[in-house]
Amino acid sequence: VIDGRKITFKFATVDPNALLTFSQWPPLPKHLLEDTDPVQAQRAAYWQAPVGSGPFKVEEVRMNNYSTYVRWEGYWDQGTGNIERIQLYPSGESDPSFVINAQSGLLDFGFTKNVAESIAVEKMDHMTVHPIDIRYTRLFYPNKFPRE
Numbered sequence: 542v543i544d545g546r547k548i549t550f551k552f553a554t555v556d557p558n559a560l561l562t563f564s565q566w567p568p569l570p571k572h573l574l575e576d577t578d579p580v581q582a583q584r585a586a587y588w589q590a591p592v593g594s595g596p597f598k599v600e601e602v603r604m605n606n607y608s609t610y611v612r613w614e615g616y617w618d619q620g621t622g623n624i625e626r627i628q629l630y631p632s633g634e635s636d637p638s639f640v641i642n643a644q645s646g647l648l649d650f651g652f653t654k655n656v657a658e659s660i661a662v663e664k665m666d667h668m669t670v671h672p673i674d675i676r677y678t679r680l681f682y683p684n685k686f687p688r689e
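If you count by the numbering used here, then the sequence shown holds residues 542 to 689, one letter each, in order.
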């Protein structure tokens, strides 16, 4: 049920995963996606130039290679930041190229949970490591499943 800026979901049964699942969905523009076949949604042209509300917009996407973002002139807070362009390269968890990319100057910002990688990058003169407390979601589902 949609009421202005409020969306209400009504489930036939209780779903303890609903809040976690729905909190990961961004609002999407109806006017750009309403005629899209749900089965083909991931292939929609929208994803080549998605609409957002942040300080950057998509400039270029090269699947499995890189994506480039540029400052969005329509961003509401124009007076902030000095970054004009961001180039992102895909990297999975435990990427074997993480330290190599940092050494060769291809990494300006990175994230790792690997202590050895953190130590290696911290030893580089051109890199700075900042430890960050990460909130891990801990879930406890009492009475989630029917009694046997």
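All C-beta atoms, glycine included, are put in the ideal place defined by N, C-alpha and C.
Helix, strand or coil, according to DSSP, for K598 in the structure here?
strand
Q644 lies in the alpha helix (DSSP H); which residues open and close that run?
639-644
How far does the alpha helix (DSSP H) with I673 in it reach, from first residue to last?
It is not in any alpha helix (DSSP H) - I673 carries neither H nor E in the DSSP assignment.
Between P570, D636, A585, which lies nearest to S594 when the distance is taken from Cα to Cα?
P570
State the DSSP-derived secondary structure class of L548, mapped to helix, strand or coil.
Checking the sequence shown, residue 548 turns out to be Ile, not Leu. The answer is strand: DSSP assigns I548 an E or B state.
To the nearest whole angstrom, what separates the beta carbons of A590 and V580, a pair I think is in contact under 8 Å?
Between V580 and A590 the Cβ distance is about 22 Å, and since that is not below 8 Å, they are no contact.
Which one or two residues does DSSP pair with Y607 in a beta bridge?
R603
Could you give the distance in angstroms between the alpha-carbon of V640 and the alpha-carbon of D576?
44 Å
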